[in-house]
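Chemist:
In the numbering used here, the protein residues as written are 1281 to 1403.
1) Apply the 10 Å Cβ neighbour rule to residue 1388 and answer buried if 16 or more other Cβ atoms are within range, or exposed otherwise.
2) Whose CA, out of 1333, 1324, 1360, lies closest to the CA of residue 1344?
3) In this structure, how does DSSP classify residue 1351 when only helix, strand and coil are distinguished?
4) Can you tell me where the beta strand (DSSP E) holding residue 1375 begins and where it ends?
5) Quick one: measure Cβ to Cβ for residue 1365 and residue 1354, integer angstroms, because I've assumed they're closer than 8 Å.
If you want it as structure tokens, here you go:
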């Protein structure tokens, strides 16, 4: 296997050949807390010495993207994604933007909710 070849760790029939615990360096918990809808964005800070999975995540983070999207697009389990994002945050390679809490958003009026409820009863 040629380590420089990105396809070297993927088998078409078996999928990814490196186990998630190896990608995370045996760690099971991130150093920082990430919510699924927290947005992360690369700072552009140059980094050396990180693995190809870190590089892939930084590529995805060129624009603000949620933690859930990073996990889905990278093909890594969510727990592993959070650990790698934690590494990047520790090196200041990414910034986070907390999600807007639901209670800060405009709430529908009681009148509107009653109309919706009446319509549902008519079904």
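Each residue gets a CB set at the ideal place from its N, CA and C atoms; glycine is no exception.
Modeler: For this structure:
1) exposed
2) 1324
3) helix
4) 1374-1377
5) Their Cβ separation, rounded to whole angstroms, is 10 Å, which puts residue 1365 and residue 1354 out of contact at 8 Å.
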